[in-house]
Each structure stands twice: as C-alpha cells, then as structure tokens.
Amino acid sequence: MRRILSLWLPTFATDRVARGLTPPLPADAALVTRLSDRGRLTVAAVNAAARAKRLVPGMGLADARALEPQVRVVDADPEGDAAALERLADWARRYTPWTAVDPSDPPGFGPKGLGGGPGLLMDITGCAHLLGGEHELLLDLERRLAKAGFEGRAAIADSIGAAWAQARFGAQLVVPPGGTAEALADLPLPALRLGGDLVASLRRVGLRRVGELMRTAQGTGGQGPKNRAALAARYGAQVALRLDQALGWVDEPLSPRRAPTRHIARLTVVDPISTPEGLAQAVRHLLGRVAASLTAAGEGARSLELEAWRIDAGHDAPPQVLGVGASRPNRDPAHLWRLLEPRMDQLEPGAGFETMAISVTHAAPFDGGQAVLSGDGLADLAGPPAAQAGGAAAAGNPLVADPPIAELVDRLGARLGPGRVLRLLPRQSWIPEQAVRAVPAEAQDNSPPAAPPAPEPLAWPADRPRPIRLLPRPEAVEVVAPIPDDPPLLFRWRDQTYRVGRAEGPERLLPEWWEGGSAAPTPTPSPATITGWRMPRAGASGSIAWVSTTPAAHRPAGSCTAFSGDVRPNP
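Just so you know, we're using this note's numbering here: the sequence shown kicks off at 2 and counts up by one.
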C-alpha cells in the first residue's frame, strides 16, 4: 500500500533568516519578513514568537508594529526561500528518492487562517524499514530539522491529502494503513485543502468537520450519488474531489523533484563509514544489488550515480554525488567498480557517511554475450554476434563490436571526465572538412544536429575514398593538367613534385542545401588547393584526395571540383 509523508514547515522563511543573523535572535523575539504590495508594506512571514503576539501574514506592517513595537523586520526573499526549499528536498532524498516541494498555501488554508507555509511531500513506500519503521523515520526527520533550526511537523498516511491534513491539523502523526477515514473524521474542513470562502459557505449550512461532510456525501439508503450531485451543483466539484483524494478514492500523483529510476540500491548504516576500505566495500555491495536488478530487467547501465549523505551535514548540504557513464550497456559489478574507483578520492566523508545510494540514471536493453572460439580459446563477446556487429556499429556506437575497447573508453572517460574521450561520426556534408563531427564516445545518437532528420542513421560512405587526415586549412599546390576540368598529371606540394598514377573524378562539392551556401568555405583564388591526404607521410607513395583544379572564377559560389587517386613522388 502507498505511504505518503507530508512535512509542514510553518515558519520556514523566518527560520531561514534567523539562522543567518548575527548575533543570534533570542527565542522570544518576534521576527517578520516584509513585502511591498502595490506600494503598501505587508507582512509576508512570521516566526513562532510573532505568531504568539497575534502577528499574521498578510497584515500591514504598520499594524504589526503597533501590536509589537520591538518586532524585527527583514526583507522577504521568495526566490531564496524557493531555492532553499529545493535544497531541502534534495537533502530529504536520504529517506526516499521520491521527494517533491509542497509550496506555500494561501492565507485561509492553514491552521487558524494563518497561512499554511511550505513543506515537502515524500513517497516512503518500502523505505521506512531502513530506519526501523515509520515512527522512527518521523523522529529522525524532526530531530534533524530541529537541530538545523527549523520548526517542522510531519505525518504519514495512505494519501497525500490525508498526510497533509494530519501534519497541519491532526494529532495522529502515523495513520495506520486503512485508517484514513477514521483519522480524518474529527478534523476541520480546511484540512481538505479547501479555500476560505468555500469553508465559510459549508459552515453556514452546518458542516464544520470532515466527518460531517463524509456522511453528507455518502448519505443513507442509496442517497450518496444524489447528495454528491447536490454538493457539486451548489459548491462546485472541488469539495467532492478533495474529499475523495484525502480518502484515497481518487489517485493524486506525486511528481518528484528528480525523476526516480527503476534500478536503485540504498544502504543505511548504524556506524558512519569514513575509511577508504569501508567505502569501497559499501559501494561494491550496492553495485551488486544494482546489477541484480538490471539482470532481472534484461537491461544494462549506460550511466549511474553514487550519492552519499554525511552524518554531520546540514539540511542545505545536498548529497555528495559521483557520476560515471559507459559506452555500452553494462551490468558487470567489477567493471562498474573500476569506473567509480578512480573518483572515490573526491568524496569527503568527514565524520562519516550514514546513507549511500547508487541509482542507474540511464538504462538500455542489454544484448547477452555469446562465447565464440578464438585462437586463444574462448572469448566472451558481450555484445551482438559477429555477423551483426558491423550493422550495429553503423547504426549506433561502433564500440559494441569490441568490448575490450569499450571498457578502455569507459575507464578513460572515468579518469579524464565525461565528454573528454571522443569519436567521429559522419555528417551530411559534401565538403570533406565538414563531413565529420566529434561526439563523446559514449553517445549513441549520430544524427546531424543542424540538419533535417534522416530516415536512417547515417553511415560512412562506401562508394568513394575519403582522406585519413585533413589539413587545418587548404594548402596551395601547383598543378599540370591538360585542361582545367581534367585530372592533374603533375602537382607540386610542399616543395615535392608528385605524378598522378590514377585519378577518379571530377567530383563537384557543394555546400549543404539547408545552409544556402552561407556556411561554405570561402573559395581561394589559388588555381589549386589540397585539403587532405591518405599517404603515411609527405613525399611517400600512397593515395591523395581532394585536389581542386578549377579556377575560383569558373565555379559556383561555395563549390569546388575535387579528384582522388594514387600518386607517387616524381623522380
């Protein structure tokens, strides 16, 4: 059964301000934040001492000073409050990966009409046993918040609405499964998250408690649907909707701040872990659990994150995170540990980590390995069969055909950082120096970023030779050709004369049609240029490509004529 924890922070804004005041604010000193509302200064938030002196959010600042002349006033910072609340949601992931920010309620929703204050919502289904149960989880959460200087109250129930109501209005902080209706019966109507005007209208007809509204909506003798229709016709659909959500009859989704993953392993220890040996043992244990989850789902990890929470970290200290990626789906705990191990020294345990978690942030289908015979015995190809390796490499990452190379790339990426190990992919361009693009080795997408989508993944052209090495910029050469449009017979490049033994071409090179010619290289006035070659070194025999011999004045803007073929030094 689903279990939801609602955390209410009635004085979050003022508590955050008080933590930064020097000298510290006395416990009985009133503190408020102010906002300018159309030229009028109003109270935005109050602390517990100010609330005890009848200062409430929304009242004028002059009225607040009249009630309490010694009140401490600071400017409100809604953006800073929102950022701090998001950091608190990240900190609360020590309890569950499903954490969401519950924004402040407008005046009239909270207890005694004082304004609800912000909070957090957490789906703790299947997580409470890590801390010994739901009561222990609540005590640990409230103890940590009080130590950080925040007033908070939390409750657990089967639905978001019921947990929200109990945290703000109820006395039963842990509602047992199935006991929602009984726990809500004695609560006032604002516990259903109904607006002040709607609550006032219901009170005028004698409905003051949730139990009274439940009995009216359910009716007797089969009158339930008729009564609900009458409520909806008079008060709108909000009343029945909030009641059904609180009772769990209508599902209310919880959108976590960070999308949770299906493959996650968490470890909470009694004695904090601070030694390198202890950290290594804990991480290997978590990797084994994650690998088992991936194996059961038939998937492999493309990227994963290690999160660690220090025992002495405050609420605004997010977990320490280490992320690594793999060039192909992998679920081998030993290989994943080799990726994390070089970066473990980046963790700062301090007094020790009490909670650690590993989550797979990107998983992909895993192709089972096939053992094949080789000259040295059995070789495990943890990838597609050899007959399919070429097609798989052309369609995606070519590293899938060579597991040792893939593992080497992963380890280099873990040491050098993400995006530092690159590979080349084809790009839709007839211009040689623009026909490739560098992408991270672990990337799978090989569609061109600034081109119309191709119906099939791009592959290297097989109908024409391309140069192995490209020059940083075209270099001028002296050519001898019968006529300008024929292949050259001789050309001189870098003080060396070459004789053309075989030529293919000409090949007219035009810029990409979607660029309109504006992004093409500016034609050079030289009668011939060379852009790349395939020979081992200058002056040796081999193949050479893309020698333009058409004068710039005779070719279209942004185009050139190219030849390729075999050459040898002229004796």
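Think of the CB as a built atom: it goes at the ideal place given N, C-alpha and C, for glycine as much as any other residue. As the structure is a prediction and not an experimental result, all values here were calculated from the model.
Under the three-state reduction of DSSP output, Asn228 falls in the helix class. When the alpha-carbon of Ser37 is set against those of Ala63, Ala247 and Thr276, the nearest one is in Ala63. As summarised for the segment 64-106, the continuous beta strand (DSSP E) elements at least 3 residues long and confined to that stretch are 73-76 and 100-103, given in chain order. With fewer than three CB-CB distances shorter than 8 Å, the segment 349-356 does not count as touching the segment 422-429.
The criterion of a C-beta distance shorter than 8 Å is satisfied by Leu8 and Gly120. Exclusion of the five residues before and after Pro261 leaves Pro98 and Trp99 as the residues of its chain whose Cβ lies within less than 7 Å of its Cβ.
Fully enclosed alpha helix (DSSP H) runs of no fewer than 4 residues are not present anywhere in the segment 341-367.
For Phe492, the secondary structure class from DSSP, reduced to helix, strand or coil, is strand. Nearest to Ala19 by C-alpha distance, out of Pro11, Arg52, Val33 and Leu6, is Val33. Out of Glu408, Gln435 and Val440, the CA that lies nearest to the CA of Gly420 is found in Val440. With the rule of 3 Cβ pairs closer than 8 Å, the segment 288-299 counts as touching the segment 250-266.
Taking one beta carbon from each stretch, the segment 189-207 and the segment 238-245 have 3 or more pairs nearer than 8 Å; the two touch. With a cutoff of 8 Å on beta-carbon distance, Ala149 and Gly315 are scored as near each other. In the DSSP assignment, Gly249 is bridged to no other residue. Secondary structure note for Gly162: its alpha helix (DSSP H) is the uninterrupted segment Ile161 to Arg169. One thing to note: Val44 has its Cβ no nearer than 8 Å to the Cβ of Arg52.
Gln282 sits in a helix when the DSSP states are folded into three classes.
By the Cβ-count criterion, Glu308 is buried, with 16 or more other Cβ atoms from all chains shown falling within 10 Å of its own Cβ. Look at Arg438 here: in three-state DSSP terms it is strand.
Secondary structure note for Met215: its alpha helix (DSSP H) is the uninterrupted segment Val211 to Gln219.
By the C-beta criterion, the segment 164-184 is judged not to be in contact with the segment 197-205, since fewer than 3 inter-stretch pairs fall below 8 Å.
Ala482: not part of any alpha helix (DSSP H); DSSP gives it neither H nor E.
For Ala46, the enclosing beta strand (DSSP E) has its first and last residue at Arg41 to Val47. The shortest C-alpha to C-alpha distance from Gln321 to any of Arg95, Glu152 and His336 is the one to Arg95.
Note on geometry: alpha-carbon atoms of Ala234 and Gln219 lie some 16 Å from one another. Comparing C-alpha distances from Gly418 to each of Ala365, Val480, Pro483 and Ala327 shows the shortest one belongs to Ala327. In this chain, the alpha helix (DSSP H) harbouring Ser202 covers Gly197 to Arg205. Runs of the beta strand (DSSP E) lying entirely within the segment 284-312, each at least 3 residues long, are 300-311 in chain order.
In the displayed model, Thr34 falls within a strand according to three-state DSSP. As the crow flies, the alpha-carbon of Pro257 is around 12 Å from that of Ile5.
A distance of 8 Å or more separates the beta carbons of Leu56 and Ala49. In this structure, Gly171 sits near Ala156, with a CB-CB distance shorter than 8 Å. For Arg20, the enclosing alpha helix (DSSP H) has its first and last residue at Phe13 to Arg20. Counted as a single uninterrupted DSSP element, the beta strand (DSSP E) harbouring Asp124 occupies residues Gly120 to Asp124. If you draw a straight line from the Cα of Arg285 to the Cα of Ala407, it comes to about 21 Å. When beta bridges are read from the DSSP output, Leu423 appears opposite Pro441.
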